[in-house]
Each structure stands twice: as structure tokens, then as C-alpha cells.
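Worksheet for the structure shown next.
Numbering (full-length UniProt numbering), first residue to last: 1 to 343.
See the structure below:
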């Protein structure tokens, strides 16, 4: 590129997009595109934009233009169920979810890219639930050009796709509510409908529910039976630390292996995730009935996408795992449960 006074640039080809911000018309966008041949009539507009100098195209060996870098990196970064802008705008390519599901990002590789300083690749949070069309990431280089050696290094780092969306795959869920007080009709079951509402948000309508007494054998039998039909079992009632709680022992007697008993997130410390064959089994505490958003909501999307939950996944949620209890809840667009990258 070559820097010229605007009046000397007439007839020359613009080497980059020039942005205009106009608060009066609520506009932010491209006023002049890269490749535009500057004309006399453009000079006043350019000066109003504060452009006394502009960059025009000029053969500069060893430099790669921002648009060319973005165009080359986009297909390397995009993985399963990700699409991206047809062409760079102001040197930037945007990435979008092509399906409903869980957005995942190769955090280690993206951190390497951003540590180079020249490229910029922001993303939304890892393991974030998205719908088709959601913008999930963007890429550009910060200067207008970069050295070819730096461009080559970016491509070397981006050896495989770093952005993907894993679709929700569980289609049938079982809800088991335990407790003598509910089984014998002393109090009304309000848990089932609340859990159904959460599941419907993810398009799940095939839901089987039942109410059981505080009986370890009955609970174990129901878990075994439902695991043959459902990809997820949610069990509520008697899941905390009371000496007469029967639910967790019943789950364990069915052969469920818990990843961890409880978790560091509040509210919802006693929410526990386990596996029985190919079925995920979750002990859901009373907090999920009382509070709008708990640890259940943090892990549920990943579970429905059949992303295995590990001890590290659970521990990582401690950072940001304390709900702010906002008067107006905006979850999941907040820090609750976003966690940290453990390497």
C-alpha cells in the first residue's frame, strides 16, 4: 500500500475499506470499499470522514492484505455446523452457527492465534448453547496488512478447525420424582412441569414422567427401566444430605456411576451427573425448583448434545459459578457458569 493525500489519490484504487460512523443516522458501515477508484466527487466525503490521507494499492512484496488473510483463514477455522461471511467486510469475516446446539471452541489454538497480536479472533464462550444463525466468532488482522511470514504462521497454527456446533441429539427424557409426601398426595408435584418447560426450550417433547415413594429398590428399578428407553433421566427429591434421603443410594444401586457427587456451582451444589451405559442420569436438588437458573441449566445443554461431562468440566465452573441473583435474569448472556479454560 502507498499513503497519499486524498487529492493526489484521484484515479487510484483504494487499498482498504473506509468506515463511516454517523450517529445522526445511526449508521456504522463501509463508506468506500476496497478496490474503489477514487473520483473527484469523493474528496469532500472523504474529508468529512477525517481522511486527509488514504492508502491506495501499491505493489509491496512480502505483505498480505487484511481481506486476503481473512478469506484464507475462514475455511481453516470453520468446523462442523459453522458457516461464515461470503466476503470480508472492513477486513473482517464473521462465523455463524448452522444449527441449534452447543458451540465449542478449541481454546488452546484460539489463544495461540490471539497471542500473536496481529490477528484478532474473538468468540462467544465455549460450550455456549446457540440457535441456527447465531454469530459465534469473528476474525481479522488488526493492521491493514501483515508480513507473509506471520500469515504463514497463522495457517500453521490453524491446522484443524477450531469452531464447531454440536447438535442436540437426545430426543427422549425421563423424569422421576421421588418422595412419600408427593407419592401419597400430601403435597402437589410441581417439579415435573418445571423440568418439562426447561426441556421444551430445546425442542424435546418426548418426555416420560413418574412419581415414586422413598424406596431405594423402587428407585433403582425405575432408573434401570428408563435407561433402556431414554438418553437422559432427571431424578428429583431426596438428593441432598439428609439422613433419610433415598434417591442417591437408589441411583447408585441401579449401577449409575457419578462423575462427582455435587458440584461447586451455587445455586445447585447438590446437582450430580452420572452415567448408566449410554444414558446420562442426573440427581436434581430442590434448588432447581426454587431458583430460576441453577447448575442444572448450565450443564443441561451439554448433556442434551451428549458431550461427556468430566471432573475438570465441573471444577472449571467454579470460576463464575456464583450466581449474581440479578433482579432481571438475562441468563445465559451473563458470566454465570461460563467457567475457565483448564489446560
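Even glycine gets a Cβ: it sits at the ideal position worked out from N, Cα and C.
Here the structure is a predicted model, which means the values were calculated and not measured.
Same chain, Cβ closer than 8 Å to residue i, neighbours up to 5 away in sequence not counted
| i | result |
| --- | --- |
| residue 80 | 161, 164, 165, 166 |
| residue 22 | 28 |
| residue 78 | 84, 95, 161, 163 |
Close Cβ partners of residue i (< 6 Å) along its chain, the five nearest in sequence each way excluded
| i | result |
| --- | --- |
| residue 356 | For residue 356 there is no data in the structure shown, the boundaries of the chain being 1 and 343. |
| residue 196 | 207 |
| residue 181 | 187 |
| residue 151 | 64, 69 |
| residue 135 | 94, 96 |
| residue 230 | 172, 173, 174 |
| residue 43 | 6 |
Beta-carbon spacing of residue i, residue j below 7 Å
| i | j | result |
| --- | --- | --- |
| residue 6 | residue 54 | yes |
| residue 174 | residue 252 | no |
| residue 294 | residue 320 | no |
| residue 250 | residue 219 | yes |
| residue 15 | residue 57 | yes |
| residue 276 | residue 255 | yes |
| residue 318 | residue 285 | no |
| residue 292 | residue 329 | yes |
| residue 336 | residue 326 | no |
| residue 176 | residue 210 | yes |
| residue 18 | residue 32 | yes |
| residue 35 | residue 13 | yes |
| residue 296 | residue 288 | yes |
| residue 338 | residue 125 | yes |
| residue 146 | residue 118 | yes |
| residue 123 | residue 100 | no |
| residue 278 | residue 257 | no |
Own chain residues within Cβ distance below 7 Å of residue i, not counting five before or after
| i | result |
| --- | --- |
| residue 205 | none |
| residue 340 | 316, 319 |
| residue 354 | Residue 354 is absent from the model: the chain starts at 1 and stops at 343. |
| residue 189 | 177, 182, 211 |
| residue 83 | 96, 98 |
| residue 222 | 176, 210, 212 |
Opposing strand residues paired with residue i [DSSP bridges]
| i | result |
| --- | --- |
| residue 123 | 137 |
| residue 233 | 174, 281 |
| residue 146 | 64 |
| residue 209 | 175 |
| residue 291 | In the DSSP output, where bridge partners are listed per residue, residue 291 has none listed. |
| residue 104 | 164 |
| residue 53 | 5 |
| residue 131 | Answer by DSSP bridge pairing: none, since residue 131 is not bridged. |
| residue 22 | 27 |
| residue 266 | 322 |
| residue 85 | None; residue 85 has no bridge partner. |
| residue 260 | 273 |
| residue 78 | 163 |
| residue 94 | 138 |
| residue 32 | 18 |
| residue 13 | 37 |
Beta-carbon separation (whole angstroms), residue i vs residue j, contact threshold 8 Å
| i | j | result |
| --- | --- | --- |
| residue 259 | residue 217 | No, residue 259 and residue 217 are not in contact; Cβ-Cβ is about 24 Å, not under 8 Å. |
| residue 76 | residue 158 | 4 Å |
| residue 96 | residue 133 | 6 Å |
| residue 266 | residue 127 | Not a contact, Cβ separation roughly 19 Å. |
| residue 102 | residue 307 | 6 Å |
| residue 72 | residue 155 | 7 Å |
| residue 153 | residue 121 | Going by Cβ atoms, the distance from residue 153 to residue 121 rounds to 14 Å, so no, they are not a contact pair. |
| residue 332 | residue 129 | 6 Å |
| residue 3 | residue 62 | Residue 3 to residue 62, Cβ: 18 Å. No contact. |
CB contact check: residue i to chain B, cutoff 7 Å
| i | result |
| --- | --- |
| residue 1 | You won't find chain B in this structure, because it holds only one protein chain. |
- Below 8 Å, can you find three or more Cβ-Cβ pairs linking the segment 139–157 to the segment 87–102? yes
- Message: So, does the segment 42–50 touch the segment 106–115, judging by three or more C-beta pairs under 8 Å?
- Response: no
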